[in-house]
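Please read the structure below before turning to the comments.
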Amino acid sequence: MLSRTVLRSDNTSFEGTSTSTLALPPEIWLLICPYLKSAELQSISSTCSTFRYLAQPLLFSTLDVSPFLLSYNAELPILRPQNYLTRFVKRLKYYTLPHIVHGVRHCWISPYSRIGFPVRNHQDDLDPNLIINAVVEALHHFPNLSTLSWHCIDITPEWWNVIQSLRITNLWLNSSTIRQSVSSPLPCIVNLDLDQWPWEGRVTNLVSIHEERFHGVDSLTLQHIITPDAIQSLSVPRSDTASHLFSVLCQTTHSLRSLKVPFAAINDRNFMPALENCPHLASLCIFSPSSDERSWDVKIDNLSPSALPSLIAYEGPYTHILQFAQHPRALERISVWGFDGRPAICSSDTLVDTLVELAGTTTVNSLKYINLTVDIITFALLEALSSFSLLECIVIQSQDSFPRDTPFHHSFKTGSSVTSLYDLMDKASFPPNIKQLKLSTRLINDPKLNLNEQEREVATFMESFGSHHPTMQRMEIGYGIYWTGMYSVSLGTCIQEKRRRRLFIQNFVQGLHPFHCRINCPSDATGEVDLYRAQADFLVYPQFSACGQGGSGVSGCESAKNLEYSLDAAQEVVVVGMINNDVVVWSVIFNHLLYVWS
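Counting from 226, one number per residue, gives the positions in the sequence shown under the numbering used here.
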């Protein structure tokens with residue numbers, strides 16, 4: 226029986242370091258296992274008793290049950306068969322096993338099945354309350370239960386008493402009410418999602434079409450589940466539920482930090498009073514409409530000068546951004562959309578005017594991230610962004626078919642439309658601190674241009690662009706349409722990644738002592754990188770990357786002390802260490818030149 230994992234170095238000896246055997250402690254495996262897929266967890270759970278106790282609980286992290294099925298085209302809910310209750314009770318026993326019970330963190334009670342809904346005989350009906358009773362009675366067995374998803378089922382007094390006794394911090398409530406008067410709300414709800422359309426068990430920030438005949442969560446129910454001093458995050462895509470929420474928020478001050486609401490609800494008379502009662506609000510998101518609402522001339526009241534002093538992130542229509550960017554608010558992150566042409570699209574010409582006005586506010590000295598959805602990428606748009614000197618990340622999604630500006634003369638061989646975009650970017654100004662740039666466009670290339678020529682073209686452009694913008698760390702360009710082919714190219718700078726790794730170490734790792742690791746690369750170029758070790762031993766795992774060719778590199782693991790060895794091309798070293806009871810992992814990749822990632 227394998228009770229621990231032993232990693233050994235048998236092929237290579239290090240100067241000053243003898244061959245040793247090191248065990249990876251269970252604490253590290255507990256941090257690794259959550260990244261494995263379900264099939265992988267099932268596999269390693271069968272290897273030994275140690276992995277069974279470490280990995281198997283992750284397979285039972287969500288207790289999910291669908292007492293009935295809610296279908297859009299069905300007048301009544303589709304009920305479960307009688308034997309479903311028997312099968313569920315048997316399944317529930319596994320969740321309450323001693324080594325499993327601590328792994329249950331989420332309870333899902335919903336007519337939206339996470340794993341499908343079998344065909345059944347409609348004459349064999351089971352009372353949904355019997356299933357829910359079995360689930361609710363078992364909830365107190367799970368000490369780490371923190372998330373509850375409860376959809377389209379009214380909560381009875383008996384169920385509410387159990388829910389109120391739990392330490393639930395995350396609640397997802399859809400079209401449900403509480404059938405009793407409550408003296409005090411749920412005390413621990415930090416994150417609340419309301420009337421969300423679930424997809425594969427996840428929040429979508431969309432309204433479910435299956436609940437059009439249902440009422441959303443009402444104001445009284447919201448008062449029972451929102452504690453002003455505890456709530457930090459709220460998300461509601463349904464407009465009538467959002468109106469109910471605003472009526473609750475405007476009653477007293479709340480500690481809310483993140484709010485997501487639909488565009489259709491921002492003209493509610495309680496919207497602005499609700500915002501003014503959230504002095505700690507740092508992020509405001511206004512969902513773009515799913516239907517054509519261009520004709521809506523939505524106007525909102527002005528905020529008082531002292532409102533939202535903590536706001537640093539805004540997502541919503543660009544026509545309203547200036548109202549949220551006035552002093553004392555200095556925005557750091559902006560994502561905007563509009564109603565120009567079609568929903569969620571901004572006209573570049575109009576957006577430029579808004580950006581010029583935005584540059585006259587305090588945001589000009591604080592903005593670090595901007596995300597735009599536009600009809601066309603223009604020279605004027607790129608120039609307007611250069612006004613924000615601290616801007617580090619630019620993301621632009623464009624629906625264009627060809628840049629509106631007259632293309633500049635360029636040295637590329639092809640005259641394709643995407644080439645004109647490269648030339649446009651080469652001539653435009655960018656913020657001096659730009660680090661990340663991501664463009665997505667529908668521009669296409671010359672059909673006669675093969676893939677190698679496209680790669681050569683974009684490589685020439687990126688090399689030129691990077692030389693003019695030395696702070697650039699990563700650049701991505703996606704272009705094309707489905708019918709003619711979609712392409713994505715990216716450029717990363719290894720030097721900047723090395724700086725980022727060092728900054729990461731300086732900020733988060735304490736008590737480390739530097740040592741040097743000299744690497745002789747195959748190209749006869751010698752690189753030197755500072756690694757760090759703690760008082761405890763490190764484990765060093767040299768591995769070949771996906772593009773590696775094999776060779777006489779290092780295998781196994783050794784204590785990381787005075788390492789000096791040769792690596793083949795495209796080989797990777799992973800360094801794992803325990804720092805103040807936290808696991809730190811560094812990955813060092815060498816491919817002729819020195820690449821350092823963390």
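Glycine included, C-beta positions come from ideal geometry on N, C-alpha and C. All figures in this text were calculated on a predicted structure; none of them were measured in a lab.
Beta-carbon gap between Ile570 and Tyr539 smaller than 8 Å: No. Outside cutoff.
Assigned secondary structure, Asp352 (DSSP; H/G/I helix, E/B strand, else coil): Correct three-state label for Asp352: coil.
Work out the CA separation of Ser508 and Leu536 for me, nearest whole Å. Taking the straight line joining both Cα atoms gives about 6 Å.
Extent of the continuous beta strand (DSSP E) run through Gln622: That run of the beta strand (DSSP E) goes 618 to 623.
Starting from the C-beta of Pro423, find all residues in its chain whose C-beta is less than 6 Å away, skip the five residues before and the five after it, and write them out in chain order. Correct list, in chain order: Tyr337.
Please report the residue range of the alpha helix (DSSP H) in which Tyr865 lies. No statement about residue 865 is possible, as the shown extent of the chain runs from 226 to 823 and does not include it.
Do Ser460 and Arg482 have their CB atoms nearer than 8 Å? Contact annotation: Ser460 and Arg482 have beta-carbon atoms that are not nearer than 8 Å.
Taking only runs of the alpha helix (DSSP H) that begin and end inside the stretch 543 to 600, which ones reach a length of at least 4 residues, in chain order? 573 to 583, all fully within the stretch 543 to 600.
For the 8 Å Cβ check, are there 3 or more pairs between the stretch 298 to 314 and the stretch 255 to 265? Counting C-beta pairs closer than 8 Å gives fewer than three between the stretch 298 to 314 and the stretch 255 to 265, which falls short of the contact rule.
Over the uninterrupted alpha helix (DSSP H) stretch that includes Cys677, give me the two end residues. Correcting the residue type first, residue 677 is Asn in the shown sequence and not Cys. Here the alpha helix (DSSP H) through Asn677 covers 676 to 693.
Three or more C-beta pairs below 8 Å linking the stretch 392 to 399 and the stretch 359 to 378: Short answer: they touch.
Put Ala653 into one of helix, strand or coil per three-state DSSP. Ala653: coil per DSSP, three-state reduction.
Take every Cβ of the stretch 462 to 473, pair it with every Cβ of the stretch 426 to 444, and state whether three or more of those distances are shorter than 8 Å. The stretch 462 to 473 is in contact with the stretch 426 to 444.
In chain order, which continuous runs of the alpha helix (DSSP H) of length 4 or greater are located wholly inside the stretch 432 to 510? If we require 4 residues or more, the alpha helix (DSSP H) runs fully inside the stretch 432 to 510 come out as 444 to 450, 464 to 474, 496 to 501.
Which residues DSSP lists as bridging Ala538, in chain order: Looking at the DSSP assignment, Ala538 forms a beta bridge with Ser508, Arg558.
Flag this pair as yes or no: are the beta carbons of Val620 and Lys663 separated by less than 8 Å? It is a contact, given that the beta carbons lie within the stated cut-off.
Helix, strand or coil for Asp418 per DSSP? When DSSP states are grouped into helix, strand and coil, Asp418 belongs to the strand group.
Among Ser715, Leu676, Arg667, nearest to Ile706 - alpha-carbon criterion: Considering only alpha carbons, the answer is Arg667.
Starting from Leu373 and walking both ways along the beta strand (DSSP E), at which residues does that stretch end? Looking at the DSSP string, the run of the beta strand (DSSP E) that includes Leu373 is 372 to 376.
Which word fits Gly710, buried or exposed, when buried means at least 16 other C-beta atoms lie within 10 angstroms of its C-beta? Exposed.
Would you tell me roughly how many angstroms separate the C-alpha atoms of Glu678 and Phe613, rounded to the nearest one? Their backbone Cα atoms lie some 35 Å apart in a straight line.
Buried or exposed for His366, going by 16 or more other Cβ atoms inside 10 Å? With a threshold of 16 other beta carbon atoms within 10 Å, His366 falls short and is exposed.
Tell me the residue span of the beta strand (DSSP E) that contains Leu662. Per DSSP, Leu662 is one residue of the beta strand (DSSP E) stretching across 661 to 665.
Beta-carbon contacts of Phe293 that lie in its chain and below 8 Å, excluding the five residues immediately before and after: Excluding sequence neighbours, Phe293 sits near Pro302, Ile303, Leu304, Arg305, Pro336, Pro353.
Measuring only the C-alpha atoms, how far is Thr588 from Ala653? Taking the straight line joining both Cα atoms gives about 22 Å.
For the beta strand (DSSP E) that contains Thr275, what are its first and last residues? Per DSSP, Thr275 belongs to no beta strand (DSSP E); it is in the alpha helix (DSSP H), 274 to 280.
State buried or exposed for Val290, treating a residue as buried only when at least 16 other CB atoms are found within 10 Å of its CB. A residue is called buried when at least 16 other Cβ atoms come within 10 angstroms of its Cβ; Val290 meets this threshold and is buried.
I'd like to confirm the pairing. Which residues does DSSP put opposite Asp289 in its beta bridges? According to DSSP, Asp289 bridges with Trp333.
Span of the alpha helix (DSSP H), counted from its first residue to its last, around Trp385: Counting along the chain, Trp385 sits inside the alpha helix (DSSP H) bounded by residues 382 to 390.
Under a Cβ-count criterion, where at least 16 other Cβ atoms within 10 Å of its own Cβ denotes burial, should Arg463 be classed as buried or exposed? Buried: at least 16 other Cβ atoms inside 10 Å.
Chain-order list of residues whose beta-carbon lies under 6 Å from that of Ser480 (same chain, five-residue window excluded): Excluding residues within five positions, the ones whose Cβ falls inside 6 Å are Asp454, His505.
Sorted by chain position, which residues of the same chain lie with C-beta nearer than 6 Å to Tyr704's C-beta, five sequence neighbours on each side aside? Contacts found: Val643, Thr666, Leu668, Tyr712.
Can you name the residues that DSSP bridges to Ile702? According to DSSP, Ile702 bridges with Leu664, Val714.
Which first and last residues belong to the beta strand (DSSP E) in which Leu295 is found? Bounds of any beta strand (DSSP E) do not take in Leu295, whose DSSP letter is neither H nor E.
If I measure Cβ to Cβ from His449 and keep anything under 6 Å in the same chain, skipping five residues before and after, which residues do I get? Only Ile403, Val407, Pro410 meet the Cβ criterion.
Buried or exposed, going by whether 16 or more other CB atoms sit within 10 Å of the CB of Ala280? Looking at its Cβ environment, which holds 16 or more other Cβ atoms inside 10 Å, Ala280 is buried.
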